[in-house]
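Remarks on the structure that follows.
In our numbering, the protein residues as written are 18 to 229.
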């Protein structure tokens, strides 16, 4: 029974992945507004109902598989080591992601992630979804810090600073690549740039939220 359930779940994951990839490829090629859900279903060889079974809205076809990325900073803080501050945890996670050339920090050599980003930037409804998702990630981080420290106001400040540092670094990666630098060239000093950014935050957050 476990093997049957495992196979079923793998097939569902494969179907969802196929639908998502087909949808994003069509969106990149023709624009988000120019592609219907029925066209996506036809291209993925599933029914329109199947698409909505996996993705509740057309916007979900872009964001659902990567929604959890907006919670990276909160996950870093939640799982931090004893004696590690919030800023140290977020910095460590970002450095690890940069080292791994994670597409979510703008350092993957394949162009697909950058094409997806351009799609979002060019589509107002997707930009709004991205903004709201990013805001939710920052709020979740603030709630986590407030629960630990008992000071919601300072937690909100800290979460905003940490999110801003991450976002600025990611934007810099994308901007440099857009100007013609290779991913390898950007990655060469990505770690140093990350250290500078988080060091700047740390000067204001030194000793804040150190896990006991």
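No residue lacks a Cβ here, since even glycine has one placed at the ideal position from N, Cα and C.
By the C-beta criterion, the region 60-74 is judged not to be in contact with the region 91-99, since fewer than 3 inter-stretch pairs fall below 8 Å. With 16 or more other Cβ atoms from the protein chains shown falling within 10 Å of its own Cβ, residue 154 counts as buried. Residue nearest to residue 73 within the set 188, 211, 54 is 54 (criterion: CA-CA distance). Residue 50 sits in a helix when the DSSP states are folded into three classes.
The straight-line gap separating the alpha-carbon atoms of residue 68 and residue 187 is approximately 31 Å. Annotated as proximal: residue 103 and residue 226, with beta-carbon spacing under 9 Å. The beta-carbon separation of residue 134 and residue 191, rounded to 7 Å, stays under the 8 Å limit for a contact.
Two segments are said to touch when three or more pairs of C-beta atoms, one from each, lie closer than 8 Å; by this definition the region 145-163 touches the region 171-183. Taking all protein chains in view, the Cβ of residue 167 is surrounded by fewer than 16 other Cβ atoms within 10 Å, so the residue is classified as exposed. Of the other Cβ atoms in all chains shown, fewer than 16 fall within 10 Å of the Cβ of residue 229; this residue is therefore exposed. Separation of residue 205 and residue 199 (C-alpha to C-alpha, rounded to the nearest whole angstrom) is 10 Å.
With 16 or more other Cβ atoms inside 10 Å of its own Cβ, residue 183 counts as buried.
For residue 211, the number of other beta carbons within 10 angstroms of its own is at least 16, and it is reported as buried.
Three or more Cβ pairs closer than 8 Å define a contact, and the region 76-84 meets that threshold against the region 27-44. Around residue 214, the same chain offers 182, 185, 186 as residues with beta carbons nearer than 7 Å, after the five sequence neighbours per side are excluded. Within a 10 Å sphere around the beta-carbon of residue 144 sit fewer than 16 other beta-carbons, which makes this residue exposed. Around residue 118, the same chain offers 124, 125, 126, 200, 204 as residues with beta carbons nearer than 8 Å, after the five sequence neighbours per side are excluded. Bounds of the alpha helix (DSSP H) holding residue 77 are 77-80.
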